[in-house]
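J.: I have a structure I would like to understand better, so I am pasting it below and will then ask my questions one at a time.
Number of protein chains: 2
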Amino acid sequence: MAPPDRVFRTTVRPEDRAAVRRIVCSSGFFYQDEVEIAVELVDEALQKGDASGYHFVFAEIDGIVAGYACFGPIPGTGASFDLYWIALDDDFRGRGLGGAVLRFAEERMHAMGGARVYAETSSRPQYEPTRRFYERRGFRLEARLEAFYYPGDDKLIYVKRLLPRADETARQPASLPGPTAAPVC
Amino acid sequence: MAPPDRVFRTTVRPEDRAAVRRIVCSSGFFYQDEVEIAVELVDEALQKGDASGYHFVFAEIDGIVAGYACFGPIPGTGASFDLYWIALDDDFRGRGLGGAVLRFAEERMHAMGGARVYAETSSRPQYEPTRRFYERRGFRLEARLEAFYYPGDDKLIYVKRLLPRADETARQPASLPGPTAAPVC
C-alpha cells in the first residue's frame, strides 16, 4: 500500500471555511467565538487575498485538509509575524504533522521577510500540550499578561527567531506571494 | 470672553477621517503606514458601526476635533480592552485634554464591561512622553517584546485596571452602545 499522500498548499479555497471549522472544533476546547474568528480569517483571505494580511498553509492528507496554520506580517513592524492559528484535526494527531505545518509556515514567513514570529496562547492547563509544542520547536516565552483572557487565564506570548535554513533556498522560491504546493520531505 | 466649548462625542462621522489624519500627522513622528492604519479604523467604524469592534471618543474644542481615542473589546477575552490610539492635535497640547480623553474613554470601556485596558507603545526615546502619560494615569508596564517593531525598538505593553468611579453612574448611561455627547466637567 502506498504511503498517504501529503501535500501542502498556500492558496485559500472556499471549502476551507468548512475545513477550518471542522479542524478548530475537533479539539473540543475552543470557545464558539474563537471558532468564528478562525473562520473569519479564511473569509478575509478569500475576499482580499494577500492584502488581508492573512496567509495560510493547509496540509492535505489523501485530499483531506488535516491541519493548517494562519499567519501574517504585523502591521507597523519591520519583520515581525503573528502565528494566528495552528491546528490539526484530532483524527490526524501523533504523526508529526503539527511540526511539519509549523516548519512550512516558518519558511513562508522567512521568505516573506520575517525575522521573528509570535505565538500567543493561554495559561489554562488544557493548553499545556500547546505550550510544550512551541517550547520544543524553539519558541521562548517572552511575556505573560495576567488575567488577559479571563480571571486566572493569562495570555502567554512566545517568540521564535526565523533564521535561514540550509535547505531553504532549494525549497522556497523567492517570488512570493503565490500559490505553491510542495510534498513534505 | 466665554471659555472654549469642549464637547465629547462617540459617534463617528465621515469628516473624522480627515480629522484623525490631521491629528495623527500633527505629532510628526508616526510612520506613514501607522497613519493609514489610524484612518482605516475610522473607515471600519463608519462602515460597520459597533460590529467593527472600534469605538471612538472625539474631543471637540469650539467645533474642531482636537483629540481622540480609539478602543475596543479584545475578541476572545471576557473583559479586556485595547486602547488602539489616543492622540491630540499638536495645537491643543498642554491643556489637560489628553487626560480628559483618556478618562472619558475609560468610562466608556468600563460601562461596556471592561475590567482592564491595554495600551501598547514603543521603547523609542521619542515615545518617552507617551510612556510618562500612561504611567502617570495608573498604567503599569506589564511586558516588553524585544525588537518587536524594529531592531532596537521594543513593544511595551501597559495595562490599567478599570475600576468603578464615584461619578460614573451619573455620567455614563447604562444603555450602550449609542451616541452620547457630554460636556467635560
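For the protein sequence lines, the chains are G and Y, in the order given.
Its first residue numbered 5, the first sequence is counted upward by one per residue in our numbering.
Its first residue numbered 5, the second sequence is counted upward by one per residue in our numbering.
For glycine and all other residues, C-beta sits at the position ideal for the given N, C-alpha and C.
#1: Determine, for Asp-37(Y), whether the minimum Cβ-Cβ distance to residues of chain G falls below 8 Å.
#2: For Tyr-72(G) versus Ala-91(G), is the C-beta distance shorter than 8 Å?
#3: Anyone know if the C-beta pair for Arg-141(Y) and Leu-106(Y) falls short of 8 Å?
#4: Between Thr-173(G) and chain Y, is there a C-beta pair that is closer than 8 Å?
#5: Which residues, in chain order, does the region 141-160 of chain Y contribute to contact with chain G at a C-beta distance below 9 Å?
#6: Residues in its own chain within less than 8 Å of Asp-95(G) by CB, not counting five upstream and five downstream?
#7: Taking Arg-25(Y) as the reference, which of Glu-150(Y), Asp-47(Y) and Phe-12(Y) has the closest Cα?
#8: Counting only C-beta atoms, is Gly-80(Y) closer than 8 Å to chain G at any point?
#9: What residue ranges within the region 120-160 of chain Y form continuous alpha helix (DSSP H) runs of no fewer than 4 residues, ordered along the chain?
#10: From what residue to what residue does the alpha helix (DSSP H) around Gly-102(G) run?
#11: Near Gly-117(Y), which residues of its chain fall below 7 Å by C-beta distance, leaving aside the five closest residues on each side in sequence?
#12: Under a CB-based cut-off of 8 Å, is Ser-245(G) close to chain Y?
#13: Only counting runs of 3 or more residues, tell me where the beta strand (DSSP E) segments fall wholly within the region 50-81 of chain Y, in order along the chain.
#14: Quick check on Glu-110(G): buried or exposed, where buried means 16 or more other Cβ atoms within 10 Å of its Cβ?
#15: Mind checking if Val-24(Y) is an interface residue toward chain G, Cβ cutoff 8 Å exclusive?
#16: Enumerate in chain order the residues of its own chain whose CB-to-CB distance from Gly-103(G) is below 7 Å, with the five nearest sequence positions on each side excluded.
#17: Buried or exposed for Asp-9(G), please, with buried defined as at least 16 other CB atoms from any protein chain shown within 10 angstroms of its CB.
#18: Does chain G have any CB closer than 8 Å to the CB of Ile-41(Y)?
#19: Assuming contact is defined by CB atoms lying nearer than 8 Å, are Phe-62(Y) and Arg-13(Y) in contact in what I supplied?
#20: Quick check on the burial criterion: 16 or more other C-beta atoms within 10 angstroms. Buried or exposed for Leu-145(Y)?
#21: Look at Lys-164(G) and Phe-143(G) and say whether their C-beta atoms are less than 8 Å apart.
#22: Tell me whether Arg-148(Y) is buried or exposed, calling it buried when 16 or more other Cβ atoms sit within 10 Å of its Cβ.
T.: Short version:
#1: yes
#2: yes
#3: yes
#4: Because Thr-173(G) carries a pLDDT of 40, less than 50, the predicted location of this residue cannot be relied on, and no value is offered for it.
#5: Against chain G - using a Cβ distance shorter than 9 Å - the residues of the region 141-160 of chain Y are Glu-146, Ala-147, Arg-148, Leu-149, Glu-150, Ala-151, Phe-152, Tyr-153, Tyr-154, Pro-155, Asp-157 and Lys-159.
#6: Ser-30 and Ala-70
#7: Ranking the options by Cα distance to Arg-25(Y), first place goes to Asp-47(Y).
#8: yes
#9: Runs of alpha helix (DSSP H) with 4 or more residues, each lying fully within the region 120-160 of chain Y, are found at 132-140, listed in chain order.
#10: 101-115
#11: Ala-83
#12: Residue numbering for chain G in the displayed model covers 5 to 189; residue 245(G) lies beyond these limits and cannot be assessed.
#13: 59-65 and 68-77
#14: Buried, since its Cβ has 16 or more Cβ neighbours within 10 Å.
#15: no
#16: Beyond the five residues adjoining it in sequence on each side, Gly-103(G) comes within less than 7 Å, by CB distance, of Arg-141 in the same chain, given in chain order.
#17: exposed
#18: yes
#19: yes
#20: Looking at its Cβ environment, which holds fewer than 16 other Cβ atoms inside 10 Å, Leu-145(Y) is exposed.
#21: yes
#22: Classified as exposed, Arg-148(Y) has fewer than 16 neighbouring CB atoms from the shown chains inside 10 Å of its CB.
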